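Read through the structure below, which is laid out as structure tokens, and then see the notes.
There are 2 protein chains.
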Amino acid sequence: MSLTPRKPRAGSGRHNGAPTIADVAALAGVSTMTVSRVINAENNVRDSTRETVNAAIGQLNYAPNRAARSLAGASHLRLGLLYSNPSSAYLSEFLVGSLDQAGRSDIQLVVEKCELGDHERRVVERMIASGIDGVILPPPLCDSRSVLDVLIAAKVPTVVVATGCPPAECAAISIDDRGAAREMTRHLIELGHARIGFISGNPNLTASGQRLEGYRAALADASIPFDERLVTAGLFTYRSGLDAADELLERDSPPSAIFASNDDMAAATVAVAHRRGLDVPGDLTVCGFDDSALATTIWPELTTIHQPIADMSRAAVELLTGMLRGKRAADVRHVTLDYTLIRRQSDAAPRRRPPARVKK
Amino acid sequence: MSLTPRKPRAGSGRHNGAPTIADVAALAGVSTMTVSRVINAENNVRDSTRETVNAAIGQLNYAPNRAARSLAGASHLRLGLLYSNPSSAYLSEFLVGSLDQAGRSDIQLVVEKCELGDHERRVVERMIASGIDGVILPPPLCDSRSVLDVLIAAKVPTVVVATGCPPAECAAISIDDRGAAREMTRHLIELGHARIGFISGNPNLTASGQRLEGYRAALADASIPFDERLVTAGLFTYRSGLDAADELLERDSPPSAIFASNDDMAAATVAVAHRRGLDVPGDLTVCGFDDSALATTIWPELTTIHQPIADMSRAAVELLTGMLRGKRAADVRHVTLDYTLIRRQSDAAPRRRPPARVKK
DNA sequence: GCTCGCTGTGCGAGCGCTATCATAAATGAT
DNA sequence: ATCATTTATGATAGCGCTCGCACAGCGAGC
């Protein structure tokens, strides 16, 4: 007599229905090995295949099984993420992206604060000593010479994110800051603005220079002479934006639009405008850069350049993983992602004459 | 008895030399299964056999491989973390905490976005179908009736975080919202404020009610009569804060301090105050709740209540793990963590005289 | 044309352990 | 003694994943 064993599920095992690498493989129509390669950011996978697999991963909500993975002998990577509070909105989005990607690949992320100052070297050295496999540097650390020097000297694979000019030794993820600033400025010009104020960012960050260049380029494109009294220096902080905006609006013939190098300073500009009784965008168009959470928090919501921050940090983790796991150093050491100009409520055509109330 | 020394393995290169159950079995002259039984203290092993095996274990200094064990056994947990972008700063901190704890316990975390809207049920159902063992719900999802209903109906163990009143079926992690609001209000009273405005939060979130209660309690403690004209309803958004603050400051005898139920609305209050030519904190004290990134972004930085977000999410993972591993529901189903009142620059003693509306 | 090398992909074999079931040995009942 | 029942042990088959290869395609060099 034969007892028929009860089989709860058609497929395998004694387990709960957690999707496995085989499920992903089946859905994507590839072998499990290929899925494994995608997860580990190895380089011998065609882009189209990689996309298909990633789609399947997303659809199944798959996450690799830790136990199986370490059993099977994968080396466990630990990546360091050093930050030095730039704008906290930026940081949080950055973290979300990198944590997400790290989770996908089951990589441990060691997040540590590293204030710029005299002991920054020590923080980096300690992190290296603790046996980290690679490091990710978001702004503003990505432009810190001393941090980079330590990392390069120790030959620790590093990815810098959103810097204007990455060192040759590091991989980099960025957007075209110059192009984005140029597009935004062009947008303002097309709206009819001729006197466009610009609040530049922290001069220690290379991206600041790029953005200013973009602004100047667009002006040149439209044959609008560059007026240096329309440019003030900021530091990317809200508070510096307050001063910069005040300075700009204090001028004899103030600008009809202000393009701030980031959202924090744009938000500060809106605050200053309001304090002065100016309507935004009626009396003053304000736009920012980054599309951070702040852009949609305040009112009016900011027209800004959307940087895919989360995607950038995700890409950083992926790139670093690839460099470490990939058999050879990858060729692609510099990835540029796309930005988008997002129109919201803080821009409008300039008023010709004293306020005529026009609906939309 | 004579135990033959273990011969080095001829096998693959990825072996790292740690003794395995097979080594023990060979040395003891039994099968791996018997060794496994000894290790797991099962009862169907003859004492003499057990002793031999134990001797072999001791000699080899064998320790079972954790990864292999959880792979083979059925006990690897997967926890779902559903979020619906509240504030990205909140989320990232939440993620850091839970990921950290999940890593410690060798547990997998599946993170998924679940926008509130008509397909929220579907997201939850999909997650359940994908074989999740338990779910963690940070705000605002922790107060979503429809999400909770699906989860409860499917009998999925759930931990809600930071809700005012957790459903009986769920475990919960929270801070004492009422106590925190009470402490903040008391702080304001001690500063000398008597007319304290309050902006309440989204009525759909239970924490809102708790905070209002705390405010009232502190007033009662100080024998200050509750004046409902000093309370306005907000929705936790910056924009709602704008309207609420305007309403409060429009009153005949406006408050000398405004306590907003979160930082976003407090920031809006600061903006409104500035627009009206009021100095913060000179003419108006403003304080918030949450200690989100915004609190230190704007100027002046906000005095607020700090919630230990990362610790709360860590605790959530830990609690859920306990509930799932221990077969029966644990006794402690509700954990309350400590908050801290953080003083920054947005509070001060009130001016003696009613604030003259002076344009700065 | 033919090797050579390369890249992208798949197959099969484990990683160390436990679940399941079969088997061998020991015990009891007839 | 025979058979049924209990106990002790082992063989086998995965858990979910990655490793070492093999192999198909494809352009370049002779």
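In the order they appear, the protein sequences are chains A and B. Residue 360 is where the first sequence ends in UniProt numbering, and the numbering goes up by one at each step. Residue 360 is where the second sequence ends in UniProt numbering, and the numbering goes up by one at each step. All C-beta atoms, glycine included, are put in the ideal place defined by N, C-alpha and C. All of these numbers come straight from a predicted model, not from anything done at the bench.
For residue i, three-class secondary structure by DSSP
i, result
"A/Ile199", "strand"
"A/Ala295", "helix"
"A/Tyr83", "strand"
"B/Glu183", "helix"
"residue 361 of chain B", "The structure shown does not extend to residue 361 of chain B, since chain B is modelled only from 1 through 360, so no value can be given for it."
"B/Ala316", "helix"
"B/Arg328", "Here the model assigns B/Arg328 a pLDDT of 45, short of 50, so the residue's position is not dependable, and the following value carries that caveat. Looking at B/Arg328 - three-state DSSP - the assignment turns out to be coil, as it is neither helix nor strand."
"A/Ser146", "helix"
"B/Ile342", "strand"
"B/Ala63", "coil"
"B/Arg121", "helix"
"A/Phe259", "strand"
"A/Ile57", "helix"
"A/Pro19", "coil"
"A/Leu278", "coil"
"B/Gln108", "strand"
"residue 379 of chain A", "Beyond the ends of chain A as shown, which are 1 and 360, falls residue 379 of chain A; an answer cannot be given."
"B/Val160", "strand"
"B/Ile173", "strand"
"residue 416 of chain B", "Residue 416 of chain B lies beyond the residue range present for chain B, which begins at 1 and ends at 360; the question has no answer from this structure."
"B/Arg178", "helix"
"A/Leu249", "helix"
"A/Leu205", "coil"
Proximity winner among the options, relative to residue i (alpha-carbon distances)
i, options, result
"A/Asp227", "A/Ser313, A/Arg211, A/Pro203 and A/Ala194", "A/Ala194"
"B/Asn262", "B/Pro254, B/Thr303, B/Glu250 and B/Pro225", "B/Thr303"
"A/Arg150", "A/Trp299, A/Ile173, A/Asp243 and A/Arg126", "Residue identity differs from the one stated: residue 150 of chain A is Val in this sequence, not Arg. It is A/Arg126."
"B/Pro308", "B/Pro139, B/Glu93, B/Ile196 and B/Pro300", "B/Glu93"
"A/Asn44", "A/His274, A/His334, A/Leu341 and A/Met323", "A/Met323"
"B/Leu341", "B/Met184, B/Val160 and B/Ser48", "B/Met184"
"A/Ile21", "A/Val335, A/Arg46, A/Asn54 and A/Ala310", "A/Asn54"
"A/Ile173", "A/Ala180, A/Ser36, A/Asn85 and A/Asp338", "A/Asp338"
"A/His187", "A/Val160, A/Gly288, A/Ile175 and A/Ser253", "A/Gly288"
"B/Arg239", "A/Glu301, A/Pro254, A/Leu212 and A/Gly197", "A/Glu301"
"A/Leu60", "B/Ala56, B/Asp23, B/Glu112 and B/Ala63", "B/Glu112"
"B/Val110", "A/Asp252, A/Ala63, A/Ala222 and A/Arg145", "A/Ala63"
"A/Leu79", "A/Ala316, A/Val335, A/Arg352 and A/Ala56", "A/Ala316"
Neighbourhood of residue i by C-beta distance below 6 Å, restricted to the same chain and skipping five residues each side
i, result
"A/Leu191", "Ala349"
"B/Leu235", "Asn202"
"B/Thr52", "Ala28"
"B/Arg50", "Val38"
"B/Arg182", "Gly214, Ala217 and Ala218"
"B/Val358", "Residue confidence is low: B/Val358 scores 48 on pLDDT, short of 50, so the model does not pin down where it sits. No coordinate-derived value is stated."
"A/Thr158", "Val135, Leu151 and Cys170"
"B/Ser256", "His193, Arg195 and Pro350"
"B/Gly282", "none"
"B/Cys165", "Thr206"
"A/Gln210", "Gly164, Asp177 and Arg178"
"A/Asp290", "Asn262, Asp263 and Gln307"
"B/Lys327", "Residue placement at B/Lys327 is poorly supported in this model, since its pLDDT is 47, which falls under 50; the coordinates still yield a value, given next. Taken in chain order, the list of residues that qualify is empty."
"A/Ala154", "Ile128"
Near the ligand MG: residue i beta-carbon under 7 Å from a heavy atom
i, result
"A/Asp221", "Ligands displayed in this structure: none; no statement on the ligand MG is therefore possible."
Cβ-Cβ separation, residue j to residue i (assumed contact under 8 Å), whole Å
i, j, result
"B/His76", "A/Ala233", "The pair is not a contact, with the Cβ atoms about 55 Å apart (cut-off 8 Å)."
"residue 382 of chain B", "B/Gly58", "Residue 382 of chain B is absent from the model: chain B starts at 1 and stops at 360."
"A/Asn65", "B/Gln101", "Not a contact, Cβ separation roughly 18 Å."
"A/Leu99", "B/Leu230", "Their Cβ separation, rounded to whole angstroms, is 42 Å, which puts A/Leu99 and B/Leu230 out of contact at 8 Å."
"A/Val286", "A/Ser346", "5 Å"
"A/Ile305", "A/Ala162", "The pair is not a contact, with the Cβ atoms about 12 Å apart (cut-off 8 Å)."
"A/Ile199", "A/Ala260", "4 Å"
Own chain residues within Cβ distance below 8 Å of residue i, not counting five before or after
i, result
"A/Asp31", "The residue asked about is misnamed: residue 31 of chain A is Ser in this sequence, not Asp. The answer, listed in chain order, is Ala25."
"A/Val147", "Leu82, Cys114, Glu120, Arg121, Val124, Leu137 and Leu141"
"residue 361 of chain A", "The question about residue 361 of chain A has no answer here: the residues shown for chain A are numbered 1 through 360."
Beta-carbon proximity list for residue i, same chain, < 7 Å, skipping 5 on both sides
i, result
"A/Thr321", "Asn40, Ala41, Leu77, Ser105 and Ile107"
"B/Val272", "Leu242, Ala245, Asp246 and Leu249"
"B/Ile298", "Ala267 and Val270"
"A/Val160", "Leu137, Cys142, Pro166, Cys170 and Ala172"
"A/Thr237", "Asp264"
* Asked: Are there three or more Cβ pairs, one per stretch, closer than 8 Å when the stretch 130-138 of chain B is compared with the stretch 284-297 of chain B?
  -> Short answer: they don't touch.
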